[in-house]
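First residue of the sequence shown? That's 1 in UniProt numbering, and the numbers climb one at a time after it.
The beta carbon of each residue, even a glycine, is placed where N, CA and C say it ideally should be.
Treat the numbers as computed from the prediction; the structure is a model and nothing was measured.
This report refers to the structure that appears directly beneath it.
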Amino acid sequence: MLQLGLDEKKFYIFKGKRFPQPRHENLENLLKHPNTILLYPSKTAIDIKELENEFTSYNLVLIDGTWPQAKAIYTASPILHKIKQVKLITTSTSDYIIRTQPTEGCLSTLETAAEALSQLECDPIYRKQLIEPLHMLCKFQLDNGAVTHQSKEFLLKTKTYPKLIGKRLSKLLKTTNEYIEH
């Protein structure tokens with residue numbers, strides 16, 4: 001959906017589990033450019049709002065996948081560790097209501113891209129324009145038998161989560177709750 005919502009001259013898609021690879025033409029140069037930023041919630045990531053007016057343009061890098069997949073891609077790609085890393089600090093909840101998110105603050109890649117572009121460009125049109133197809137997809141799915149999902153965090157708080165949680169989710173929920181309480 002993100003690909004369909006942006007001007008084709010303004011983005012590149014590189015597929016793989018390690019970056020860069022020989023088949024990824026010009027990716028290494030792009031990743032080494034000083035105005036390239038990686039949207040990834042690492043320990044060194046700063047709030048994306050702190051970037052205001054640092055550059056006139058940015059190369060925004062997103063890792064698309066589940067949280068474990070994104071972490072694996074990040075870990076397997078040392079060049080990504082050298083890029084300035086930013087994160088979104090938001091109280092928004094996901095509009096991707098037909099999919100379970102780990103916590104209330106987790107967004108899909110599409111939602112994350114829309115929010116990041118809206119903040120970097122100081123233009124809420126990205127948020128509206130890019131998320132509208134997601135709303136239509138969810139409506140179609142719900143009209144055809146899908147059900148809405150709550151985050152695992154919500155289900156655990158309301159004691160309606162149907163199974164045991166793993167160490168990774170337990171740790172994530174603990175750190176999320178500590179962040180919210182402070």
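In the DSSP assignment, what are the bridge partners of residue i?
i	result
Ile-46	Val-86
Asn-59	Thr-36
When the distance is taken between beta carbons, is residue j closer than 8 Å to residue i?
i	j	result
Ile-79	Leu-31	yes
Ile-48	Leu-88	yes
Ala-114	Lys-17	no
Ser-118	Leu-107	no
Leu-130	Leu-2	yes
On the criterion of 16 or more Cβ atoms from any shown chain inside 10 Å, does residue i qualify as buried, or is it exposed?
i	result
Tyr-12	exposed
Gln-101	buried
Ser-94	buried
Thr-148	exposed
Glu-25	exposed
Please look up how many angstroms separate the CB atoms of residue i and residue j, rounded, as I've assumed it's under 8 Å.
i	j	result
Pro-20	Glu-28	4 Å
His-33	Asn-59	6 Å
Ser-35	Phe-55	It should be noted that the sequence gives Asn, not Ser, for residue 35. Correct: roughly 4 Å between the Cβ atoms.
Ile-63	Ile-73	5 Å
From this set, the options, which residue's C-alpha is nearest residue i's C-alpha?
i	options	result
Gln-141	Leu-2, Lys-84 and Tyr-96	Tyr-96
Val-86	Leu-120, Gln-69, Pro-133 and Thr-66	Leu-120
Asn-53	Thr-109, Cys-122 and Arg-127	Cys-122
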